[in-house]
Structures are given as structure tokens and as C-alpha cells.
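Note sheet for the following structure.
In UniProt numbering, the protein residues as written are 1 to 300.
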């Protein structure tokens, strides 16, 4: 009789395909590396072909291992769809990965709505960069991701993840209330604050400055956008910020419209196999309502 392949071990093989090393799989799943190795060895016996090969101190998937891992992704998706279709009673917990601005401007409002409409549903939130959130959603660490993309810098489309647009968020030049700056061109001699090199928003911001005819003097680098707001408010820097960040914020900054009225797109992503689950659908509905109700900050 042909051995039955363990879905748990198939999941470990899929994790290895995504994460690249046994130690990374072990860390993500809170297992010992030896346990992961033992389970993958057992899966090889079940499948009957070599799935892994040594590559120095690491292991890599063989061509057969790659094929089995891809099939494992399909098996796990089918199992997830079945669970969603059979779900009764309170929705299953929903694990959300949110970018900082949406965690601040949208989630409190959405969670209040969900507490009223689904009081028994558990929501877990981690504030992480979109790149991490989208990867971990594919790896089943999160159920829903709130992400962004800037003009001309689209996010990688990851297999098995859908994408639903929440809306568009205007981007503006933020300066101190007393600043004499009236446009990006006026800020050529100002100190700038931006996100780290390599991020989509940093690349886009630099391009905006170059379009205005200068290379920005980036003296401050901060992934924390609230830190950027404080620096700008105090008059130490200028920066390009999404308006959603400033929703309901009393920190005094003056916003200046940019040429062409650029916006960033805010979207949610979920695995196609879990998008129809009651919990994910409820969270998405609340986020959409929260986005539509969020008040835009005024301009000075």
C-alpha cells in the first residue's frame, strides 16, 4: 500500500521552499532545527524520492523536492478552503500584518466596529513592513495584510495571494508651520527626512526631488514615520508623507500639495484559499468602512 503523505510534513517542506534554510523554518515555527530535519527525512521516506540535497552547511530542495513543495502548497490551500467552508459559530482568529500608518489611522476604528459586530472574534495585529507581511501571509504566518504601493513602484505579486484595494491616500510635502517653503523646489536647500535606502517610498521621494531639479540632502533616516513627523514639526527637516499618517494628529505640520496630486494605494492581501472565510471577510469590511470614514487632515 502506498504510504500516506503527512500534511504537517508537507507544510514543513513548503516552509523550507519559502524560507530557504532549516534554521529559518525552525525559528518561524518555534521548533528545534533537529525536529524539522527529522520530519523532512520522514517525508522523504513517505514520498520515496530524494527531496533534499546537501549544499555546504545547508540543504536545498532537489527538483523532485521543488515539485512536491509546489504540490504541498496546493494541498494546504485545499485544506484551508475546506476549513473555511465548514466554519460554524464565531469566526476563527484573524492574524493581521499592518503597515504603521494603517495600524494608527485605520485599525483602532476597524477594531471598534468588529468588537460590536463580532464580539467573540479574536484579532491579532503585528505592525510590520509590507514586504515582510506579504511574505509571511504566503507562508501562513498572517491571514490578512494591509500594505501599500507608491506611484511607479508596484509590489511583487505573490502566488496564492489576492489583492483588494482599500483606497488611495494623498501624499504631500510636510513642513513646519513657520516654514517659508511653498513647493518641493523651494526645499532644495532644506534638510530632508526619509525612510531607509532600498524602500519603495525612499526611491519615490528621491525621484520627486530630482524631478524638481535637485538631489535631496537626506540628513535624517527613520523607518518610524511618527519620528519623521516630530522632526518636521520641530523645523529640523521636511519630508514627503502620506496624509493618512496625520489623521487625527495634533502635531503641527503644514501640508503642501504636490504636482500631479500623487497618491499611494492602500490594499489588503489574503491567501485566495482563506479570503472567503467569515473572519477575513468581516475584517476587510470593517477596514473598508474605516478607510472611507477616516477624516483627511487639513492644510495650513
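We put the CB at the ideal spot given by N, CA and C, even for glycine.
| message | Buried or exposed, going by whether 16 or more other CB atoms sit within 10 Å of the CB of residue 157? | response | Here residue 157 refers to the residue found at position 157 of the chain shown. So residue 157 ends up on the exposed side.
| DSSP beta-bridge partners for residue 38? | Mapped onto the chain shown, residue 38 falls at position 38. Answer is none; residue 38 lacks a bridge partner.
| 3 or more residues per run - each beta strand (DSSP E) lying fully within the region 251-281 | 254-256 and 263-269
| request: Output the distance between the C-alpha atoms of residue 217 and residue 188, rounded to the nearest integer angstrom. | output: Counting from 1 along the chain shown, the entry for residue 217 is found at position 217. Counting from 1 along the chain shown, the entry for residue 188 is found at position 188. Their Cα atoms are separated by approximately 8 Å.
| field | Euclidean distance between Cα positions of residue 8 and residue 274 | value | Indexing the chain shown from 1 puts residue 8 at position 8. Indexing the chain shown from 1 puts residue 274 at position 274. So the alpha carbons of these two residues sit roughly 18 Å apart.
| Who pairs with residue 239 in a beta bridge, going by DSSP? | For the purposes of this step, residue 239 is taken as the residue at position 239 of the chain shown. Answer is 174, bridged to residue 239.
| So residue 226 is in the alpha helix (DSSP H); what residue range does that whole segment cover? | Counted from its first residue, the chain shown places residue 226 at position 226. Element bounds for residue 226: 225-233.
| query | Applying the criterion that 16 or more other CB atoms from any shown protein chain within 10 Å of the CB defines a buried residue, is residue 38 buried or exposed? | reply | Here the question's residue 38 lines up with position 38 in the chain shown. Residue 38 comes out exposed.
| When the Cβ atoms of the region 256-274 are set against those of the region 129-137, are three or more pairs found closer than 8 Å? | Result yes; three or more Cβ-Cβ pairs closer than 8 Å.
| Candidates 161, 238 and 166: which alpha carbon is nearest residue 185's? | The sequence position of residue 185 within the chain shown is 185, counting from 1. Per the Cα distances, 238.
| message | Can you check which of these residues, 29, 16 and 31, is closest to residue 51 by C-alpha distance? | response | The residue given as residue 51 occupies position 51 in the chain shown. Comparing alpha carbon positions, the residue from 29, 16 and 31 closest to residue 51 is 16.
| message | Quick test of your reading: residue 232 and residue 193, contact by CB under 8 Å. State the CB separation rounded to the nearest angstrom. | response | Translated into the one-based positions of the chain shown, residue 232 becomes position 232. Translated into the one-based positions of the chain shown, residue 193 becomes position 193. With a Cβ gap of about 7 Å, residue 232 and residue 193 count as contacting.
| query | Can you tell me where the beta strand (DSSP E) with residue 55 in it begins and where it stops? | reply | Mapped onto the chain shown, residue 55 falls at position 55. 52-55 is the span of the beta strand (DSSP E), which, as asked, contains residue 55.
| message | So, under 8 Å CB-CB, residue 6 and residue 66 are touching, yes? Tell me the CB distance rounded to an integer number of Å. | response | The residue given as residue 6 occupies position 6 in the chain shown. The residue given as residue 66 occupies position 66 in the chain shown. With a Cβ gap of about 19 Å, residue 6 and residue 66 do not count as contacting.
| query | Which word fits residue 190, buried or exposed, when buried means at least 16 other C-beta atoms lie within 10 angstroms of its C-beta? | reply | If you number the chain shown from 1, residue 190 lands on position 190. Burial call: buried.
| said: So, does the region 127-134 touch the region 92-104, judging by three or more C-beta pairs under 8 Å? | reply: yes
| query | Taking contact to mean at least 3 C-beta pairs separated by less than 8 Å, is the region 203-215 in contact with the region 147-163? | reply | yes
| query | Could you give the distance in angstroms between the alpha-carbon of residue 76 and the alpha-carbon of residue 244? | reply | Here residue 76 refers to the residue found at position 76 of the chain shown. Here residue 244 refers to the residue found at position 244 of the chain shown. Their backbone Cα atoms lie some 36 Å apart in a straight line.
| message | Counting C-beta neighbours from all protein chains within 10 Å, is the total for residue 165 16 or more, i.e. buried, or is it exposed? | response | Working through the chain shown from its first residue, we reach residue 165 at position 165. Burial call: exposed.
| First and last residue of the uninterrupted beta strand (DSSP E) at residue 147 | Counting from one through the chain shown, the residue named residue 147 turns up at place 147. Segment 144-149, the beta strand (DSSP E) holding residue 147.
| Ordered list of alpha helix (DSSP H) runs contained in the region 86-138, each at least 4 residues | 100-105, 107-117 and 130-138
| message | So, at 7 Å on beta carbons, what are the nonlocal neighbours of residue 133 in its own chain, with the 5 sequence-adjacent residues on each side left out? | response | Counting from one through the chain shown, the residue named residue 133 turns up at place 133. Contacts found: 97, 142, 145 and 147.
| said: If you follow the beta strand (DSSP E) that residue 191 is in, where does it begin and where does it stop? | reply: Within the chain shown, the letter at position 191 stands for residue 191. Element bounds for residue 191: 191-194.
| What are the partner residues of residue 153, as DSSP defines its beta bridges? | Taking the chain shown and counting its residues from 1, one reaches residue 153 at position 153. Residue pairing by DSSP places residue 153 opposite 150 in a beta bridge.
| Of all the options 167, 208 and 159, which has the alpha carbon lying nearest to the alpha carbon of residue 183? | Here residue 183 refers to the residue found at position 183 when the chain shown is read from its first residue. Residue 183 has its Cα closest to that of 208, out of 167, 208 and 159.
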